[in-house]
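Enquirer: Would you mind keeping the following structure in view while I ask a few things?
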Amino acid sequence: MKALRNFLDKQKPHFEKGGKLEKLHAMFDSAETLFFVPDKVTSSGSHIRDAIDMKRTMITVFIALIPALLFGMWNVGYQHFLSYGESPDHFTMFLYGFFKLLPIIIVTYGVGLGLEILFAQIRSHEVNEGFFVSGLLIPMIVPADIPLWQLAVAVAFAVVFGKEVFGGTGMNIVNPALVARAFLFFAYPGNISGDKVWISDKADAFSGATPLGDALVGNFDNFPSVYDMFMGFIPGSVGETSTLMILIGAAILLITGIANWRVMFTVFAGGYIMGLLFNLWGANEYMELPAYYHLIMGGFAFGAVFMATDPVTAAQTNKGMYYYGFLVGMIAVLIRVFNPAYPEGMMLAILLMNVFAPLIDHYVIEGNIKKRLKRLKVISN
Amino acid sequence: MSTEEREPLFSPKNMKLIKNPINLSNPITVQVLGICSALAVTAKLMPAIVMSISVLVVMAASNVVISLLRNGIPPRIRIIVQLVVIATMVILVDQVLKAFVYDVSKQLSVFVGLIITNCIIMGRLEAFAMANKPWPAFLDGIGNALGYGIILIIIAFFRELLGSGTLFDIQVIPQGLYDFGYVNNGLMILPPMALITVGVIIWVQRYYTRELIEDN
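Sequence order for the protein chains is A and B.
Quick note: the first sequence, position 57, residue 58 per this note's numbering, numbers continuous.
Quick note: the second sequence, position 120, residue 306 per this note's numbering, numbers continuous.
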């Protein structure tokens, strides 16, 4: 560590004002703060600071994503070999998925960080760590066979129009990772929807429909068991299939206090209650599906744990979080059951509620002000 | 004619009436008017151009008519008079389109009729034609319609090129690219992308025209 510090200190003058590499200071900054907590102190105004900075927050989310990611890599291989009726050892399956995902992850980080650094240079602020997590989220919510150029276009769109036009990390209205996915979904539907794309290099004869796709067309004959869906042995986006691994991630986020339990809990509650309501209605077979199925199918759990809880785009007030989370869950299940064009509603539900989050906060705060004014009147009377 | 000195037809002041709306006070990118039709007719280049020309004709003609009538219109019913004039022009344009370019007219469908509600036209009648002589009013109408049309055509160019791979319905993206795995961007066909394209145009315009940036 000491040697690293000395090395960085030696290089630093080159990147400061007047140094010959001044133009690349943003890159140096981001590399330095990756290893050391920055020594900058507040120079004016409030001096109260949290013990962890954004980089430490992001790395915690990163760690929480690892179980789902590793399982996802294995599952990509597992589904691929399953469609051919083969069953090699687990390591082969993992390696297959690993080499499928590696280019996706490299392209995502390359394009995303490249644009972040570009914007940081032009606007002369430091490179934010915001893309650190988005860059891992995006590979986990796309099919493993997504063409890389489409991915690159989507990531560029998400970084520029999902984030930078609003002022960069922390100022965005909608979740950038979901913007990238929504872009892919609407721009290139052939590569991210239907029942052909969810198993990597699928054998033609094998049905590759996800449980959601099956449910939408009313095909419940080959529906996977609850155990399979919970463990994640089903086709789907890379990171979304295993509810178990996502719950491990959720535990890490909740124990470290990075994600807010209010959002996470209410999203699951909202989805479950909507499922129950549909059970009561029971107009078709999809509605009669047990309510907890909705929580373990598709991207519901992944969205609830890693996407809806994004502290920037979720509601900020405690009370607002309940409304926000609850509506995300309800709308997601609503879209799933009702809209024939979109088998999965989680992405659209979260994006929609991202947009409404500031409005929810506004009314929560107004309500609080009104309540306190009333109290004031009672006292002064 | 009166004794006052006559201004030359294309004096610098009059030329400004045409130039300003194209950049500094562009109806779409600066005043943010007429957005609805910018979303609706820009999926293909051809309808966008026909729409731009229709708006140009309606705008110039009704500006002149209102300017001629301006001293005779009672202020309390001026909006109704303006609407009647615009509606007449729109019906004329609509009939001409139906007679000569029926296909495009079908594509534009209701949007030609909706030129009546185009806020740019009402806005120019209220703000300019009611207080100016016919010739400047004519130039003002042309200028604003050009400013509107240019933006419409830029949006339509990118939407058709990236969304359908064609221009004027002729394929311009080589077949080889498609064989290589290129796919048209379906999002460009959808209306939201028109808004984002307008956003990008505003971004570029403000980058080059610094005086448009509000200081705060």
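Yeah, the Cβ is synthetic: ideal placement off N, Cα and C, and Gly gets one too.
What alpha helix (DSSP H) runs, 4 residues minimum, are completely inside the region 291-376 of chain A?
Expert: Counting only runs of 4 or more, we get 294-297 and 319-339.
Enquirer: Which partner residues of A:L5 appear in the DSSP bridge assignment?
Expert: According to DSSP, which records beta bridges pairwise, A:L5 is partnered with nothing at all.
Enquirer: By DSSP, does B:Q357 sit in helix, in strand, or in coil?
Expert: Three-state DSSP puts B:Q357 in a strand.
Enquirer: Once you ignore the five residues that flank B:L353 on each side, which residues in its own chain have a CB closer than 8 Å to its CB?
Expert: Counting only Cβ-Cβ distances below 8 Å, and skipping sequence neighbours, we find L231, F343, E346 and L347.
Enquirer: I need the boundaries of the alpha helix (DSSP H) containing A:Y228, first residue and last residue.
Expert: It spans V227 to M232 - the alpha helix (DSSP H) in which A:Y228 sits, taken as one unbroken run.
Enquirer: Tell me, please, which residues DSSP counts as bridged to B:T274.
Expert: Answer is none; B:T274 lacks a bridge partner.
Enquirer: Starting from the C-beta of A:I157, find all residues in its chain whose C-beta is less than 7 Å away, skip the five residues before and the five after it, and write them out in chain order.
Expert: The question names Ile, but residue 157 of chain A is Ala in the sequence shown. V112 and L116, listed in sequence order.
Enquirer: Out of B:V287, B:I336, B:F324 and B:T303, which one is the CA nearest neighbour of B:T274?
Expert: Minimum Cα distance to B:T274 is reached at B:T303.
Enquirer: I'd like to know if B:V369 contacts chain A, where contact means its C-beta is closer than 8 Å to some C-beta of that chain.
Expert: Closer than 8 Å to some Cβ of chain A, the Cβ of B:V369 qualifies, so yes.
Enquirer: Using a C-beta to C-beta distance shorter than 7 Å, which residues of chain A count as neighbours of B:G372?
Expert: Result: F187, A188, Y189 and P190.
Enquirer: With the cut-off set at 8 Å, would you say A:M322 and A:N261 are in Cβ contact?
Expert: Result yes, Cβ atoms of A:M322 and A:N261 sit closer than 8 Å.
Enquirer: Return the residues of the region 330-349 of chain B that lie within a Cβ-Cβ distance of less than 7 Å from chain A, sorted by chain order.
Expert: Within the region 330-349 of chain B, no residue qualifies.
Enquirer: Is there a Cβ of chain B sitting closer than 8 Å to that of A:P148, yes or no?
Expert: Closer than 8 Å: yes.
Enquirer: Does A:F357 come within less than 8 Å of chain B when only Cβ atoms are used?
Expert: No, A:F357 does not count as interfacial toward chain B.
Enquirer: When Cβ atoms are compared, which residues of the region 374-395 of chain B fall closer than 7 Å to chain A?
Expert: Correct list: L376 and I382.
Enquirer: In terms of alpha-carbon separation, which member of B:L283, B:A380, B:G367 and B:Y393 lies closest to A:P148?
Expert: Cα-wise, what sits closest to A:P148 is B:G367.
Enquirer: Please check if any C-beta of chain B sits within less than 8 Å of the C-beta of A:F133.
Expert: Judged by the 8 Å Cβ criterion, A:F133 is not in contact with chain B.
Enquirer: Here's the rule I'm using: 16 or more other beta-carbon atoms within 10 Å means buried, otherwise exposed. How should A:I200 be labelled?
Expert: Classification for A:I200: buried.
Enquirer: Determine, using beta carbons only, whether A:N355 and A:V143 come nearer to each other than 8 Å.
Expert: Taking 8 Å as the Cβ cut-off, A:N355 and A:V143 do not qualify as a contacting pair.
Enquirer: Could you compute how far the alpha carbon of A:V365 sits from the alpha carbon of A:A305?
Expert: Looking at the two C-alpha atoms, the distance is approximately 22 Å.
Enquirer: Would you check if the distance between the CB atom of B:I336 and the CB atom of B:I208 is smaller than 8 Å?
Expert: Yes. Within cutoff.
Enquirer: Could you tell me which whole alpha helix (DSSP H) segments of length 4 or greater appear in the region 242-296 of chain B?
Expert: Taking only runs of at least 4 residues, the alpha helix (DSSP H) segments lying wholly in the region 242-296 of chain B are 264-286 and 288-294.
Enquirer: When the Cα of B:Q268 is compared with those of B:V279, B:D280, B:Q281 and B:L254, which residue comes out closest?
Expert: Ranking the options by Cα distance to B:Q268, first place goes to B:L254.
Enquirer: Between the alpha carbons of B:L300 and B:Q281, how many angstroms are there, rounded?
Expert: B:L300 and B:Q281: Cα-Cα distance of roughly 14 Å.
Enquirer: Bridge partners for B:T383 per DSSP, in chain order?
Expert: Answer by DSSP bridge pairing: none, since B:T383 is not bridged.
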